[in-house]
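Trainee: Sharing a structure here in structure tokens format.
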Amino acid sequence: MSESLNFHFDVDGDNFVSAGQASVQVKKNLRRLGLPPEIIRQVSIALYEGEINMVIHAGGGEADINVYEDRIVIVLADKGPGIPDINLAMQEGYSTATENVRSLGFGAGMGLPNMKRYTDEMKIESEVGVGTTITMCVYLK
Amino acid sequence: MMTVKELSEKYSLKAASMPEPEREIRGGYIGDLLSWVMGRAQADNAWITIMTNINIAAVGALSDVAVIIIAEGAVPDINVIETAEEKGINILLTDKTAYEIAVLISADI
């Protein structure tokens, strides 16, 4: 694969106030690169949903965004509890978030479905008790 | 079509934050579930909500809405307003319900 530009972020666990910092920064960086607004919107929303998921469920994690000539690849890795049933987790409206999280406007069961909606490829690797890695790809057509 | 500043003036909507007054509004979306909003709201929409927590600034920025209109007289904390200013997010306030304000501004956006 050709050379890429990498942005790396550590995502704090249990911190809803700082959640979104990586997404907003990436949005700025992609704008500077002159990418189309709709691509930037897709990448930043998918990344934000991933950040929020890591804050809600996994006590934080790491986000890597690689910009290639023809695609943007987002890798989100955490050492959280893992996802026991990925098909169930992918259903719109299914959520294991707490009431407290819901009162903030999250936990609607739209996080993973939105990540799939806004990316061209998405792969979830998860092991219960070990963690989850999500790889998403947005094509630069 | 109308800018955020024009909308604010025409309907006496108080500006909690207006770093981009000339931003044009195209259509609207009403919702309080943030992921739902990110999944459905379109760029340049007016997003009408009753949520006031800090995450609305991030959601507003990422979904690229033109303005967040906070309905029902709800008021965001000062840190939300500061974050919105920083991120270039316009926030207007109204005492009307989400439905009432949507009906009122619908012909203009």
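Chains as they are written, first to last, in this note's numbering: chain A, 1 to 141; chain B, 1001 to 1109. For every residue, glycine included, the Cβ atom is placed at its ideal position computed from N, Cα and C.
Can at least three beta-carbon pairs, one atom from the stretch 1012–1030 of chain B and one from the stretch 1077–1092 of chain B, be found at a separation below 8 angstroms?
Mentor: The stretch 1012–1030 of chain B vs the stretch 1077–1092 of chain B: in contact.
Trainee: Against chain B, with Cβ distances strictly below 8 angstroms, would LYS116 of chain A count as a contact?
Mentor: The count along the first sequence starts at 1 and reaches residue 116 of chain A at position 116. Taking Cβ atoms only, chain B never reaches closer than 8 angstroms to LYS116 of chain A, which makes this a no.
Trainee: Can you name the start and end residues of the beta strand (DSSP E) that ALA77 of chain A belongs to?
Mentor: Within the first sequence, residue 77 of chain A is the residue found at index 77, counting from 1. Segment 71–78, the beta strand (DSSP E) holding ALA77 of chain A.
Trainee: Interface residues of chain A around ASP1108 of chain B at Cβ under 8 angstroms?
Mentor: The residue you call residue 1108 of chain B lines up with position 108 of the second sequence. Those do not exist, as ASP1108 of chain B stays about 23 angstroms from chain A at its closest Cβ, beyond 8 angstroms.
Trainee: When the Cα of ALA1102 of chain B is compared with those of B:LEU1062, B:MET1038, B:GLY1027, B:SER1063, which residue comes out closest?
Mentor: The residue you call residue 1102 of chain B lines up with position 102 of the second sequence. When each option's Cα is compared against that of ALA1102 of chain B, the closest is B:GLY1027.
Trainee: Any C-beta of chain A sitting closer than 8 angstroms to the C-beta of ASP1064 of chain B?
Mentor: For the purposes of this step, residue 1064 of chain B is taken as residue 64 along the second sequence, with counting starting at 1. Yes, ASP1064 of chain B lies at the interface with chain A (some Cβ there is under 8 angstroms from its Cβ).
Trainee: Per DSSP, GLU1022 of chain B forms a beta bridge with which residues?
Mentor: Position 22 of the second sequence holds residue 1022 of chain B. Paired residues: none, contrary to the question.
Trainee: For ASN1079 of chain B, count neighbouring Cβ atoms within 10 angstroms of its own Cβ and tell me buried if that reaches 16, exposed if not.
Mentor: Numbered from 1 along the second sequence, position 79 holds the residue referred to as residue 1079 of chain B. Exposed, since its Cβ has fewer than 16 Cβ neighbours within 10 Å.
Trainee: Tell me the rounded alpha-carbon separation between GLY1039 of chain B and ASP120 of chain A.
Mentor: On the second sequence, residue 1039 of chain B is found 39 positions in, with the first residue counted as 1. On the first sequence, residue 120 of chain A is found 120 positions in, with the first residue counted as 1. When rounded, the distance between both Cα atoms is 15 angstroms.
Trainee: Can you name, in chain order, every residue of its own chain whose Cβ lies under 6 angstroms from the Cβ of ALA46 of chain A, other than the five neighbours on each side?
Mentor: Taking the first sequence and counting its residues from 1, the one referred to as residue 46 of chain A is at position 46. MET115, TYR118, THR119, MET136, listed in sequence order.
Trainee: Determine whether the beta carbon atoms of ILE1089 of chain B and GLY1060 of chain B lie at a separation below 8 angstroms.
Mentor: Here the question's residue 1089 of chain B lines up with position 89 in the second sequence. Here the question's residue 1060 of chain B lines up with position 60 in the second sequence. Yes, these two residues count as a Cβ contact at 8 angstroms.
Trainee: Look at the alpha carbon of ALA89 of chain A and the alpha carbon of TYR1011 of chain B, and state the distance between them as a whole number of angstroms.
Mentor: In the first sequence, counting from the first residue as 1, residue 89 of chain A sits at position 89. In the second sequence, counting from the first residue as 1, residue 1011 of chain B sits at position 11. Taking the straight line from one Cα to the other gives about 43 angstroms.
Trainee: Quick one: what does DSSP say GLY60 of chain A is sitting in, helix, strand or coil?
Mentor: By 1-based counting over the first sequence, the position of residue 60 of chain A is 60. Here GLY60 of chain A sits in strand by DSSP.
Trainee: According to DSSP, which residues form a beta bridge with VAL67 of chain A?
Mentor: Position 67 of the first sequence, counted from the first residue, corresponds to residue 67 of chain A. DSSP, once it has assigned bridges, lists A:LEU5, A:ILE72 as partnering VAL67 of chain A.
Trainee: Checking 8 angstroms against the spacing of the C-beta atoms, do ALA19 of chain A and ILE52 of chain A come in under that value?
Mentor: Locating residue 19 of chain A in the first sequence gives position 19, where the first residue counts as 1. Locating residue 52 of chain A in the first sequence gives position 52, where the first residue counts as 1. Against a cut-off of 8 angstroms, the Cβ pair of ILE52 of chain A and ALA19 of chain A comes out as a contact.
Trainee: What residue range does the beta strand (DSSP E) around LYS1014 of chain B cover?
Mentor: Counted from its first residue, the second sequence places residue 1014 of chain B at position 14. Unbroken beta strand (DSSP E) run through LYS1014 of chain B: 1014–1017.
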